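Down below is the structure, laid out as structure tokens.
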Amino acid sequence: MRNGAERLLLRKEVDIMYLYNSATHKKEEFKTHTPNHVEMYTCGPTVYHFAHIGNLRSYIMEDVLEKYLRYAGYDVNRVMNITDVGHLTSDADEGEDKMLKGARREHKTVMEIAQFYTDAFFADCEKLNIKTPDVVQPATGLIPEFIQMVSGLLEKGYAYLAGGNVYFDTSKLSRYYVFNDHDEDDLAVGVREGVEEDTNKRNKNDFVLWFTKSKFEDQALKWDSPWGVGYPGWHIECSCISLKYNGEYLDLHCGGVDNAFPHHTNEIAQSESYLGHPWCPQWFHVAHLNTNDGKMSKSKGEFLTVSLLEEKGYDPLAYRYFCLQSHYRKALVFTWENLDNAVAAYQKLIARIAALKPEGEIDQAAFDQYKGKFMQVMGNDLNTSMGVTAVFDVLKAKTGDATKLALIGEFDQVLGLELLKKADEKRTELAAQQSTSTACGYTVTGEGDPAVDALVMQRYEAKKDRNFAEADRIRDELKAQGIEIVDTKDGASWRRV
Ligand code: AMP
Ligand code: ZN
């Protein structure tokens with residue numbers, strides 16, 4: 000048995016992080032149940048349609064958080080569900096099954112559309128450089144475990160049977176609303192315009208754990224259960240999948256802010272009642288991406304997807320850059336103009352990195368100083384816009400290019416903007432565009448613009464004829480266009496600065 004001091008010595012060093020916790024409404028030091036190890040859970044997509052870029056904002060920010068934690072020295076086990084059953088069109092248990100709606104729209108089976116949109120989701124993630132979680136579990140793959148958990152909740156008296164369905168009894172909890180202190184009436188999600196209230200519920204916010212009776216008789220996916228043939232409610236899948244793959248103590252739970260209530264609230268109710276102890280102390284919620292007319296939606300207005308961005312000629316990573324420029328807890332408005340500004344800034348950043356030369360020694364003191372600054376801003380509630388600014392600060396730093404490139408490579412392990420790769424591509428592109436023209440033994444090399452090559456050549460001829468006024472006029476004209484001329488051994492080369 001090791002004593003405490005020895006155990007401490009065995010621990011790896013991790014950088015301290017401060018993270019806003021929606022469960023306590025405070026920014027707090029990030030702590031884990033097991034030292035240096037994070038059990039992390041993310042609510043995955045409902046695969047009845049393509050993800051819109053609002054959904055993907057949440058996944059980008061969660062990806063940066065995971066990358067930061069790994070970079071700070073933690074081992075991370077990240078688990079995500081795929082909702083392929085049980086999510087109704089209202090987040091309360093009302094309306095139609097989203098999967099069934101999608102299948103009907105496309106004249107396909109539920110499992111066909113689940114597979115198609117799961118693949119589409121991960122293809123989008125790859126384009127946005129979002130890492131696939133360590134465990135990805137579709138809800139339909141774990142039905143026996145859901146049944147076991149629902150049985151456990153019934154045995155412990157936290158659930159009841161009514162009208163053929165099994166419900167969670169929220170009146171059994173001393174504290175149900177974890178994320179907000181709203182009045183119960185404000186959160187009456189069961190009663191929405193055009194949606195019939197479920198009269199089986201004993202309390203307004205009770206929710207379904209297992210359906211056998213529902214308004215839609217044509218439910219495609221059904222399983223045998225002790226309560227009759229049916230299917231699970233939406234919330235039980237996340238509690239159960241996390242319990243199976245993260246264990247009884249989860250460190251960090253993530254999702255978009257709309258998931259806080261009722262979904263995450265219900266997850267906490269189920270998990271803690273079933274386990275009999277506190278479950279997850281830290282909750283990370285990403286604010287929404289909105290359009291000028293409000294919340295982004297898959298059904299109204301332009302359906303903004305990664306494919307649409309690509310069709311319009313945008314690099315998906317420019318969208319990632321756009322998201323990183325804002326703090327994850329602030330709502331972000333998407334407009335094409337805002338995206339264009341992000342594209343210009345991202346391209347400028349890449350061009351500046353491409354101009355660095357990988358030569359010279361690394362200046363360790365400068366490296367440590369700039370890395371420390373980056374860790375400080377990112378460790379302060381994941382301030383990604385300051386993280387991006389830290390890259391620009393490195394470019395302006397009074398240190399050699401090798402140190403700058405090393406730092407940018409490190410920061411990008413967290414930011415995931417593929418900065419070095421893109422800069423290499425830019426260098427190759429510029430080299431391929433290079434033009435060369437030679438006259439009278441004088442060689443002009445440039446970035447592929449014959450008109451500029453010709454002017455540089457005219458400047459040489461003017462100098463040869465001792466017409467210095469004309470030579471200076473041409474140099475000034477080029478300078479005004481942002482072009483710099485450098486004299487070489489057998490002529491001149493020019494570049495845009
Ligand atoms: P869904 O596919 O509807 O289950 O949602 C997938 C994820 O996207 C969840 O974490 C949601 O909270 C999140 N989400 C939904 N709409 C938005 C939005 N407009 N902006 C950011 N995240 C969103
Ligand atoms: Zn969930």
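When the letters of the sequence shown are read in order and numbered with numbering that gives the first Met the number 0, they come out as residues 0 to 496. Cβ coordinates follow ideal geometry from the N, Cα and C atoms, glycine included. Remember, it's a predicted structure, so these values are computed and weren't measured experimentally.
Beta strand (DSSP E) segment containing residue i, residue limits
i      : result
Lys126 : Not the beta strand (DSSP E): Lys126 falls in the alpha helix (DSSP H), residues Val109 to Lys126.
Tyr40  : His36 to Thr41
Thr444 : Tyr441 to Gly445
Leu160 : Ala158 to Ala161
Tyr490 : At residue 490 the sequence reads Gly, which differs from the Tyr that was named. Note, Gly490: beta strand (DSSP E), Gly490 to Arg495.
Val63  : Unbroken run through Val63 is the alpha helix (DSSP H), Ile52 to Tyr70; no beta strand (DSSP E).
Phe167 : Asn164 to Phe167
Unbroken alpha helix (DSSP H) run spanning residue i, endpoints
i      : result
Thr388 : Thr383 to Lys395
Gly255 : Taken as a continuous stretch (DSSP letters only), Gly255 belongs to no alpha helix (DSSP H), being part of the beta strand (DSSP E) at Leu251 to Gly255.
Arg465 : Note, Arg465: premise wrong, no alpha helix (DSSP H); not H, not E.
His234 : Trp233 to Asn245
Leu288 : It is not in any alpha helix (DSSP H) - Leu288 instead sits in the beta strand (DSSP E) that spans Leu288 to Thr290.
Thr487 : Not the alpha helix (DSSP H): Thr487 falls in the beta strand (DSSP E), residues Ile482 to Thr487.
Asp74  : Unbroken run through Asp74 is the beta strand (DSSP E), Asp74 to Ile81; no alpha helix (DSSP H).
Val305 : Val305 to Glu310
Ala102 : Lys97 to Glu105
C-beta neighbour in chain B for residue i, strict 9 Å
i      : result
Gly229 : Absent from the structure: chain B. Only one protein chain is present.
Per-residue burial, residue i [other beta carbons within 10 Å of its own, 16 or more giving buried]
i      : result
Glu38  : buried
Ile15  : exposed
Gln136 : buried
Val228 : exposed
Ala268 : buried
Lys421 : buried
Asp205 : buried
Ser298 : exposed
Val285 : buried
Cys124 : buried
Val149 : buried
Glu483 : exposed
Gln281 : buried
Val496 : exposed
Asn164 : buried
Arg56  : buried
Pro231 : buried
Three-state secondary structure assigned by DSSP to residue i
i      : result
Thr23  : coil
Val207 : strand
Phe321 : helix
Gln433 : coil
Ser150 : helix
Lys347 : helix
Glu417 : coil
Gln136 : strand
Leu18  : strand
Glu28  : strand
Gly524 : Residue numbering for the chain in the displayed model covers 0 to 496; residue 524 lies beyond these limits and cannot be assessed.
Lys329 : coil
Trp282 : strand
Asn373 : Correcting the residue identity first, residue 373 is Phe in this sequence and not Asn. Correct three-state label for Phe373: helix.
Lys455 : Note that residue 455 corresponds to Val in the displayed sequence, not to Lys. If DSSP states are grouped into helix, strand and coil, Val455 belongs with the helices.
Glu5   : Note that Glu5 scores a pLDDT of 46, beneath 50, so its modelled location is shaky; the value from the coordinates is reported in the next line. Helix, per DSSP.
Lys425 : helix
C-beta contact flag for residue i and residue j at 9 Å
i      : j      : result
Ala353 : Asp423 : yes
Leu416 : Tyr320 : yes
Thr435 : Thr444 : yes
Asn35  : Lys26  : no
Phe333 : Met295 : yes
Asp411 : Val393 : no
Thr117 : Ile81  : yes
Leu355 : Leu316 : no
Gln461 : Ala470 : A small correction: the amino acid at residue 461 is Ala; Gln does not occupy that position in the sequence shown. Result yes, Cβ atoms of Ala461 and Ala470 sit closer than 9 Å.
Leu381 : Leu152 : no
Val13  : Tyr73  : yes
Ala507 : Phe178 : Residue numbering for the chain in the displayed model covers 0 to 496; residue 507 lies beyond these limits and cannot be assessed.
Lys126 : Val342 : no
Thr398 : Asp339 : no
Rounded Cβ spacing between residue i and residue j (contact assumed at less than 8 Å)
i      : j      : result
Lys97  : Thr45  : 5 Å
Ser173 : Tyr40  : Not a contact, Cβ separation roughly 24 Å.
Val451 : Ala491 : Actually they are not in contact, since the Cβ atoms of Val451 and Ala491 sit about 11 Å apart, beyond 8 Å.
Asp489 : Gly447 : The Cβ separation is near 20 Å, so there is no contact.
Val78  : Pro132 : 6 Å
Asp197 : Ala138 : In fact, because the Cβ distance is near 21 Å, the residues do not count as touching under 8 Å.
Gly53  : Leu288 : 4 Å
Asn258 : Cys42  : 6 Å
Leu323 : Ser272 : In fact, because the Cβ distance is near 38 Å, the residues do not count as touching under 8 Å.
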